[in-house]
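For reference, each letter of the sequence shown is one residue, going 45 to 487 in my numbering.
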Amino acid sequence: MANLLVLGTQWGDEGKGKVVDLLTPAFPVVARYQGGHNAGHTVYVQGRKIVLHLIPSGILHAETMCIIGNGVVVSPEAFFRELADLRALGVAVGPARLAVSKNAHLIMPYHPLVEKISEEGRGERKIGTTCRGIGPAYEDKAARTGLRVGDLLEPSVRQDKIEANVAAKNRLFAAYGVPGLEARPILDEYARYAEMIAPFVRDVALLLDERMRRGQNILFEGAQGVLLDLDHGTFPYVTSSSATAGGVCTGLGLGPRHVNAILGITKAYTTRVGGGPFPTELGDEVGRALAKRGDEFGATTGRPRRCGWFDAVAVRYACLINGIDRLALTKPDVLGDQAEVKLCTAYRLGSETLKSFPNEPWILEKVSPVYRTFRGWGNSLPAARTPDDLPAAFKDYLRAVEDLVETRVAIVSTGVARRETVLLETELAGLVDVAKVRSGLAP
Ligand code: IMP
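Set out below in structure tokens:
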């Protein structure tokens with residue numbers, strides 16, 4: 045067995061939280077490598093809904109070490125709020141099983157304000173970000189002005205950097221007629237955070253190396269989805285980090301040979317939250333029905349998600365650029381009321397038929413999907429426990445997805461509960477210790 049990367053193959057919200065939670069019993073270490081508290085991983089445990097934004101979903105398993113890598117941008121406020129929420133639910137979490145990279149960049153109080161100016165400046169073309177300050181924090185990282193977690197622990201560095209950044213941001217705010225910020229309250233607030241976060245701060249590259257030398261397998265937990273990747277997504281309608289497989293190495297500090305297998309999470313239909321092109325979007329009753337039944341409202345912002353049919357062109361692209369080994373197909377139960385289910389097999393652009401995904405928004409806005417129609421499979425999926433329990437109509441759809449995206453499905457998730465899962469064991473066997481995963485399927 046080996047290290048496994050779990051990432052989303054669409055525009056996020058594919059159901060990664062549940063799958064990571066399910067696989068965690070087979071991994072002593074779970075590590076996040078990009079994004080921030082823009083993510084929202086929803087997990088249901090014993091009927092209780094838990095939404096994690098920053099801390100890896102693995103934290104719900106008492107034996108698991110969770111790591112936040114340098115590629116993540118950390119809001120100390122969000123970090124400590126989430127810790128308090130977890131503790132209120134009875135989850136024991138402390139530095140013994142939660143580490144934050146000293147090299148992770150911090151989200152500061154001025155970042156959401158900068159984001160507001162930038163989004164408003166885009167007018168109709170706004171990205172529809174989560175307004176958590178994610179983009180501006182990564183901008184400061186690239187500009188080499190940002191603060192890192194490790195800077196917090198060094199009082200003189202912390203003070204110099206906060207003062208310099210507040211002064212620079214105030215010049216920007218003045219140009220836009222926005223009131224400036226005082227450095228003093230920020231200095232005081234971040235001095236408090238420094239004390240609180242110190243026990244969690246680690247050299248994550250060394251920590252991971254040490255764990256791997258002890259023979260422990262690592263689950264790398266992606267946030268957002270491949271089509272929101274800064275380089276490979278539908279730029280500029282993307283997030284500001286590397287949600288693709290390459291982000292693991294730079295976002296944690298390890299070599300590619302340690303990423304042994306990749307499981308892509310793909311929803312049986314498509315959703316997108318925020319702006320940007322979406323070829324299979326349904327603006328009709330079916331779209332609204334999927335949103336309602338699938339509870340498609342942003343876990344972070346509560347915004348309604350846009351819904352549409354499964355787009356095999358997009359998911360094939362995701363499989364290709366990440367080298368995805370197997371897929372977990374989530375939420376096909378949400379399609380249970382549909383008499384017919386459609387699947388996009390190609391795009392039409394004028395007289396041309398496109399089989400590969402153009403990531404340019406101005407092309408995607410012009411394409412029309414080519415659909416194949418399948419019989420609906422009814423509402424028996426959540427009761428299925430083995431592949432034999434899956435209805436024939438659903439199996440037809442599953443095979444078509446696999447053929448079109450050229451990747452086999454190893455897990456079908458048919459509901460929010462852990463037990464509502466069908467493992468296709470021969471496909472899963474090369475990726476994880478199936479017996480350990482099976483043992484965790486209890487509610
Ligand atoms: P940002 O990450 O807040 O900068 O937002 C950029 C784009 O990514 C927006 O369209 C967001 O709606 C989208 N986004 C960010 N995080 C998530 C997520 O976890 N799920 C789905 N969409 C997301």
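Where is the CB? At the ideal position from N, CA and C, for every residue including glycine. Quantities reported herein were computed from a predicted structural model and do not represent experimental measurements.
Supposed close pair residue i, residue j - CB separation, criterion 8 Å
i, j, result
"Ala333", "Asp381", "7 Å"
"Leu387", "Thr278", "With a Cβ gap of about 20 Å, Leu387 and Thr278 do not count as contacting."
"Gly190", "Val245", "So it is not a contact: roughly 16 Å between Cβ atoms."
"Leu252", "Ile111", "7 Å"
"Leu467", "Val478", "7 Å"
"Leu23", "Phe217", "Within the shown structure, residues of the chain are numbered from 45 to 487, placing residue 23 beyond reach of any answer."
"Arg349", "Val317", "5 Å"
"Thr345", "Ser457", "Their Cβ separation, rounded to whole angstroms, is 24 Å, which puts Thr345 and Ser457 out of contact at 8 Å."
"Gly113", "Leu250", "With a Cβ gap of about 12 Å, Gly113 and Leu250 do not count as contacting."
"Val235", "Arg192", "Before going further, note that residue 235 is Ala rather than Val in the sequence given. Between Arg192 and Ala235 the Cβ distance is about 16 Å, and since that is not below 8 Å, they are no contact."
"Lys399", "Val357", "7 Å"
"Leu263", "Leu48", "5 Å"
Nearest to residue i (by Cα), restricted to the options the options
i, options, result
"Ala187", "Asp195, Asn209 and Ile111", "Asn209"
"Gly394", "Phe401, Thr283, Asn403 and Val411", "Val411"
"Asn214", "Gln203, Glu226, Gln78 and Ala473", "Glu226"
"Pro280", "Gly221, Gly420, Arg166 and Gln260", "Arg166"
"Ala436", "Pro426, Arg429, Gly420 and Glu450", "Gly420"
"Asp57", "Cys363, Cys351, Leu250 and Ile455", "Cys351"
"Gly84", "Val330, Gly299 and Arg347", "Arg347"
"Gly80", "Lys146, Ser284, Arg141 and Leu48", "Ser284"
"Asn423", "Arg337, Cys363 and Gly342", "Arg337"
"Arg169", "Pro321, Leu442 and Asp339", "Pro321"
"Asn82", "Val135, Arg202, Val116 and Met109", "Val116"
"Val118", "Pro153, Leu472, Ala219 and Val135", "Pro153"
"Ala362", "Gln203, Phe401, Ala122 and Ala335", "Phe401"
"Ala427", "Thr465, Glu446 and Leu48", "Thr465"
"Arg452", "Gly102, Gly297 and Ile309", "Ile309"
"Gly224", "Asp129, Asp355, Glu107 and His155", "His155"
"Glu233", "Leu371, Leu66 and Glu121", "Glu121"
"Leu133", "Asp65, Leu48 and Val95", "Val95"
"Met256", "Leu196, Tyr237, Met240 and Leu298", "Leu298"
"Gly221", "Ala486, Leu196 and Ile161", "Ile161"
"Glu239", "Leu434, Leu197, Arg463 and Asp433", "Leu197"
"Glu20", "Gln203, Val449 and Leu142", "In this structure the chain extends from 45 to 487, so residue 20 is not present and cannot be described."
Beta-carbon contacts of residue i that lie in its chain and below 7 Å, excluding the five residues immediately before and after
i, result
"Lys93", "Thr86"
"Pro69", "His105, Lys480, Val481, Ser483 and Gly484"
"Leu127", "Val137"
"Arg131", "Val137"
"Glu159", "Thr173, Cys175, Gly177, Gly179 and Pro180"
"Ala473", "none"
Outcome for residue i when other beta-carbon atoms lying within 10 angstroms are tallied against a minimum of 16
i, result
"Asp273", "buried"
"Thr174", "buried"
"Lys60", "buried"
"Gly319", "buried"
"Tyr182", "buried"
"Thr53", "buried"
"Arg360", "buried"
"Arg228", "exposed"
"Trp55", "buried"
"Ser200", "exposed"
"Glu254", "exposed"
"Lys205", "buried"
"Pro139", "exposed"
"Pro100", "buried"
Neighbourhood of residue i by C-beta distance below 8 Å, restricted to the same chain and skipping five residues each side
i, result
"Trp353", "Tyr313, Thr314, Thr324, Leu326, Val385, Lys386, Leu387, Cys388, Pro413 and Tyr415"
"Thr397", "Ala390, Tyr391 and Val414"
"Thr288", "Leu51, Val270, Asp273, Asp275, His276, Ile365 and Asn366"
"Glu469", "Val478"
"Asp355", "Gln54, Thr314, Pro323, Thr324, Cys388 and Pro413"
Which residues DSSP lists as bridging residue i, in chain order
i, result
"Glu325", "Gly352"
"Thr451", "DSSP, once it has assigned bridges, lists no residue as partnering Thr451."
"Val245", "Val144"
"Gly102", "Paired residue(s): none; Gly102 is not in a bridge."
"Tyr391", "Leu398 and Pro413"
"Ala383", "Partner(s): none; Ala383 has no beta bridge."
"Leu307", "Val50 and Arg370"
"Cys110", "Val74 and Leu142"
"Gly194", "The partner list for Gly194 (beta bridge, DSSP) is empty, contrary to what the question assumes."
"Val95", "Thr86"
"Phe438", "BP columns for Phe438 are empty, so no partner."
"Glu265", "Val50 and Arg76"
Residue i beta carbon near the ligand FMN (any heavy atom closer than 7 Å)
i, result
"Ala122", "The ligand FMN is absent from the structure shown, which contains only the ligand IMP."
Own chain partners of residue i with C-beta closer than 6 Å, once the 5 adjacent residues on each side are dropped
i, result
"Asp369", "Ala305 and Ile306"
"Gln260", "Pro72 and Val73"
"Asn403", "Thr278"
"Thr417", "Glu384 and Lys386"
"Leu371", "Gly308, Thr310, Thr451 and Val453"
"Gly342", "Val317"
Any C-beta of chain C under 8 Å from that of residue i
i, result
"Pro100", "Any reference to chain C falls outside this structure, which holds one protein chain only."
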